[in-house]
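>
In the numbering used here, the protein residues as written are -12 to 484.
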């Protein structure tokens, strides 16, 4: 039996001991306490074994990565990689050695400062930043503080930029070559650390992607909780400690009664990887498609965010079974209205009361403050009227104080078109979500808390073009159904129907 299985068996046995004592309303016996401590030592041994195994696996994976990257880098420049691999040379040290050899074979023209120091590297960095900012500005991407001189490059074609970059690498007679010949030269220099052209493309795509990711209109992150996981294993969350027992009066000379803590298992969490790959084709380079470097990354950034946004809202609409084996919304959870309605004072009040009268896992009263109302497109005007009118019309045709007016600052209203699309002609529900500081409803986890997708340039066999991978690791988990109340809603007609 492996360490993971032994640990799970020990945890189950510990829980069995606690459950028996709790059922019989007593403390653990001496024998049970001894067994519990032995099980705890077994758990600690298993944890140590798991850590050692994980460290060994990481070392193996890192060595494989080192060998592969060194091999790919060296073979790109027809250099034998064996000596670097056998000597334990790092990837950065190999890259430096390759660069030094390239400098020896194609020495760059350096510019000396007043004190004789070489300023070539600074000039190269400045060139790349300036051209990158020029490409972004030309593609309609806002740059907060563009590099000085960026306007000088805004009229340059990809061919012109490639010629400038290759000349900086020491290539001669570049102006006389066709665009196709330039493309072939750039492909041969694809992984050259000093290749300014591919570095400019990388920087342009990365900045365009970040800008697109920042500006895409999604709403899931306004009411879900952000979490972090450090690997792709299923995370058990173990147990939630229950409330402390009530205090009992102790008569003079009497005994204090021992309290047995209660706990409940929480839902598991796990990350998955999502991504796409795209190519700047040979034709796009020859056709001088500069817009590709800015428009395509922004589109993929929007796609990543919208994918996650749809996953979150699909949980609200599809109502899947969660950690307790039942659907998110249902009578058993007391978090769904018996019948759907549009936006009315009575419906909102009922949802408020349902949210605030939930009990925790141990049957104790909890306080959940209403915080967010999520509605489909078509309800925003009614919501503003409901919360921002100081008075309301009564059945006796008189004005009365609107009690919901006091909530106008504490309730955020989110209008989400994804609800309309997912329901497509059916009743469109709307939802009340509680304050995340009171209870967790849905949590979105990222690998090490990083919610920005990774962009990595690749060399794909059979692809005529420059290839990039875009990927992001996330997981969506319903943590506690008590944090939301559902109104089944009514059909929302299109305004032009």
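We put the CB at the ideal spot given by N, CA and C, even for glycine.
Looking at C-alpha atoms only, which residue of 401, 375, 254 and 281 is the closest neighbour of residue 125?
281
> Rounding to the nearest angstrom, what Cα-Cα distance links residue 86 and residue 271 in this structure?
Per the coordinates, the alpha-carbon of residue 86 lies some 29 Å from the alpha-carbon of residue 271.
> Taking the DSSP output, what are the residues bridged to residue 215?
Per DSSP, 433.
> According to DSSP, is residue 411 part of a helix, a strand, or is it coil?
coil
> Report buried or exposed for residue 375, applying the criterion of at least 16 other Cβ atoms within 10 angstroms of its Cβ.
Classification of residue 375: exposed, given that the 10 Å Cβ count is below 16.
> Taking 8 Å as the threshold (C-beta atoms), are residue 324 and residue 313 in contact?
no
> Compute the Euclidean distance between the alpha carbons of residue 352 and residue 469, then round it to the nearest angstrom.
12 Å
> Does DSSP classify residue 474 as helix, strand or coil?
strand
> Assign residue 436 to one of two classes, buried (16 or more other C-beta atoms within 10 Å of its C-beta) or exposed (fewer than that).
exposed
> My guess is that residue 83 and residue 60 are in contact by the Cβ rule of under 8 Å, so how many angstroms apart are they, rounded?
Contact flag wrong, Cβ pair sits at about 11 Å.
> What whole-angstrom Cβ distance do residue 334 and residue 474 have, given they're in contact under 8 Å?
With a contact defined as Cβ atoms closer than 8 Å, residue 334 and residue 474 qualify at about 6 Å.
> Taking the CB atoms as reference points, tell me whether residue 257 and residue 462 lie closer together than 8 Å.
Less than 8 Å divides the Cβ of residue 257 from the Cβ of residue 462.
> With respect to 7 Å, is the separation between the Cβ of residue 481 and the closest non-hydrogen atom of the ligand NAD below this value?
With respect to small molecules bound, the structure shown includes none, and the ligand NAD cannot be examined in it.
> Closer than 8 Å is the cut-off here; do at least three beta carbon pairs connect the segment 391 to 411 with the segment 179 to 195?
Too few Cβ pairs lie closer than 8 Å, so no.
> Name, in chain order, the residues that DSSP records as bridge partners for residue 189.
Per DSSP, none; premise fails for residue 189.
> Could you tell me how far apart the beta carbons of residue 466 and residue 438 are, in whole angstroms, since I believe they sit closer than 8 Å?
The Cβ separation is near 18 Å, so there is no contact.
> As a quick exercise: from 193, 472 and 64, pick the residue whose alpha carbon is nearest that of residue 339.
Here the closest residue by C-alpha is 472.
> With 16 other CB atoms within 10 Å as the buried threshold, where does residue 121 fall?
buried
> So, with DSSP's three-state summary, where would you put residue 378?
strand
> Going by C-alpha to C-alpha distance, which of 66, 57 and 88 sits closest to residue 514?
Limits of the chain in this structure are -12 at one end and 484 at the other, which puts residue 514 out of reach.
> Distance, Cα to Cα, residue 425 vs residue 153?
59 Å
> Can you tell me which of the three DSSP states residue 208 falls into?
Looking at residue 208 - three-state DSSP - the assignment turns out to be helix.
> For residue 185, count neighbouring Cβ atoms within 10 angstroms of its own Cβ and tell me buried if that reaches 16, exposed if not.
It is buried - the Cβ of residue 185 has at least 16 other Cβ atoms within 10 Å.
> Under DSSP, the alpha helix (DSSP H) around residue 508 begins and ends at which residues?
The displayed coordinates of the chain run from -12 to 484. Any statement about residue 508 would go beyond what the structure contains.
> Compute the Euclidean distance between the alpha carbons of residue 2 and residue 19, then round it to the nearest angstrom.
12 Å
> Identify, in the order they occur along the chain, each residue of the same chain with its Cβ nearer than 6 Å to the Cβ of residue 392, setting aside the five sequence neighbours on each side.
Contacts found: 377.
> What are the complete alpha helix (DSSP H) segments, minimum 4 residues, inside the segment 131 to 188?
Correct list: 145 to 155 and 166 to 175.
> So does the segment 279 to 298 actually touch the segment 194 to 214, counting three or more Cβ pairs closer than 8 Å?
yes
> Does the segment 286 to 299 come into contact with the segment 197 to 206, if we say contact requires no fewer than three beta-carbon pairs (one atom in each stretch) closer than 8 Å?
yes
> To which residues of the same chain is residue 316 closer than 6 Å at the C-beta, ignoring the five residues directly before and after it?
306, 322, 323 and 473
> Which of helix, strand or coil does DSSP assign to residue 345?
coil
> Taking the C-alpha atoms as reference points, what is the distance between residue 78 and residue 53?
6 Å
> Express the C-alpha separation of residue -8 and residue 493 in angstroms, rounding to a whole number.
Since the displayed the chain opens at -12 and closes at 484, residue 493 lies outside it and no answer follows.
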